[in-house]
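Remarks on the structure that follows.
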Amino acid sequence: MPINVAILVSGNGSNLQAIIDANKNDFLNINISCVIANIENCFALKRADKANITNYFIDHKLYQNRDIFDNEINKILQAHNIDLICLAGFMRIIGQEFINIWDNKIINIHPSILPSFKGINAIEQALNYGVKYTGCTVHYVNEEVDSGQIIDQSIVEVTKNDTIESLSKKIHNAEHILYPRAIKSLL
Ligand code: GRF
Numbered sequence: 001m002p003i004n005v006a007i008l009v010s011g012n013g014s015n016l017q018a019i020i021d022a023n024k025n026d027f028l029n030i031n032i033s034c035v036i037a038n039i040e041n042c043f044a045l046k047r048a049d050k051a052n053i054t055n056y057f058i059d060h061k062l063y064q065n066r067d068i069f070d071n072e073i074n075k076i077l078q079a080h081n082i083d084l085i086c087l088a089g090f091m092r093i094i095g096q097e098f099i100n101i102w103d104n105k106i107i108n109i110h111p112s113i114l115p116s117f118k119g120i121n122a123i124e125q126a127l128n129y130g131v132k133y134t135g136c137t138v139h140y141v142n143e144e145v146d147s148g149q150i151i152d153q154s155i156v157e158v159t160k161n162d163t164i165e166s167l168s169k170k171i172h173n174a175e176h177i178l179y180p181r182a183i184k185s186l187l
């Protein structure tokens with residue numbers, strides 16, 4: 001039986017697309033049960049629609065605090081009997097209670113070689129630092145941002161003329177291979 005996977009998104013959803021495609025072409029064998037976004041009309045939701053995946057928009061601004069918002073997401077995940085939660089550009093920090101409930105079942109992709117360049121603007125941070133190599137990491141989510149156990153990583157070379165745009169493109173391309181591969185390693 002394929003496992004039930006939920007994918008949480010906030011933006012473009014190119015990593016969501018990579019997982020959908022990997023599943024379509026049989027690299028993965030998972031059931032993408034639902035996609036949840038906190039941003040209305042984000043492109044990721046359009047991708048979910050196009051792939052006929054049940055999707056939800058949960059507006060974090062409508063909830064008084066993080067735990068109430070998390071709980072709303074939790075209800076959806078439980079209704080779908082979710083086995084694995086993939087954060088793919090989900091721009092909300094998840095609370096401790098939620099992490100406890102889904103212990104070892106939440107993974108995230110981050111655009112740097114962790115533990116370097118945690119947090120936002122990781123690509124810009126790496127470029128500004130002048131590293132020669134950066135990349136991306138899939139890791140478990142724990143109570144500290146971008147600090148959970150590493151599942152897999154990919155390296156990307158930074159070349160002399162790289163800009164944030166060109167480096168972002170290279171890292172995103174690497175992410176689209178890495179995320180399905182990391183999920184596969186957990187199955
Ligand atoms: C990716 O770079 C990922 O590493 C970061 O957010 C970005 C999401 O991109 N966490 P997309 O929405 O999957 O295109």
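According to my numbering, the sequence shown is numbered sequentially starting from 1. Glycine included, each C-beta is placed from N, C-alpha and C at the ideal position. Just so we're clear, the structure is a prediction, and the values are computed from it rather than from any experiment.
* Asked: Quick one: Cα of Q64 to Cα of L178, how far?
  -> Straight-line Cα distance between these residues: approximately 36 Å.
* Could you please give me the residues that DSSP links to I32 through a beta bridge? => According to DSSP, I32 shares a beta bridge with V5.
* Please report how far the alpha carbon of Q17 lies from the alpha carbon of R47, in whole angstroms. => Distance from the CA atom of Q17 to the CA atom of R47, rounded to whole angstroms, is 7 Å.
* Distance CB(I7)-CB(A88) smaller than 8 Å -> For the 8 Å CB-CB criterion, I7 and A88 form a contact.
* Asked: Which word fits E175, buried or exposed, when buried means at least 16 other C-beta atoms lie within 10 angstroms of its C-beta?
  -> Within a 10 Å sphere around the beta-carbon of E175 sit 16 or more other beta-carbons, which makes this residue buried.
* Sequence-distant residues of the same chain with beta carbon closer than 8 Å to C199, five excluded per side -> For residue 199 there is no data in the structure shown, the boundaries of the chain being 1 and 187.
* **Nearest neighbour of K160, chosen from N52, L127 and I150 [CA to CA]** => Per the Cα distances, L127.
* Asked: Once you ignore the five residues that flank F27 on each side, which residues in its own chain have a CB closer than 8 Å to its CB?
  -> Result list for F27: P180 and K184, in chain order.
* Asked: Does at least one heavy atom of the ligand GRF sit under 7 Å from the Cβ of G11?
  -> If you check the C-beta of G11 against the ligand GRF, you find a heavy atom less than 7 Å away.
* Asked: Would DSSP call Q153 helix, strand or coil?
  -> DSSP places Q153 in strand when its eight states are reduced to three.
* Asked: Tell me the DSSP bridge mates of I109?
  -> Paired residue(s): V138.
* Asked: Straight-line CA distance for K94 to K169?
  -> Residue identity check: residue 94 is Ile in the sequence provided, not Lys. Using only the alpha carbons, I get a separation of about 27 Å.
* Asked: Can the beta-carbon of H194 be found closer than 8 Å to that of F69?
  -> Residue 194 is absent from the structure shown; the chain starts at 1 and stops at 187.
* If you draw a straight line from the alpha carbon of I53 to that of R66, how long is it in whole angstroms? -> Computed Cα separation, rounded: 26 Å.
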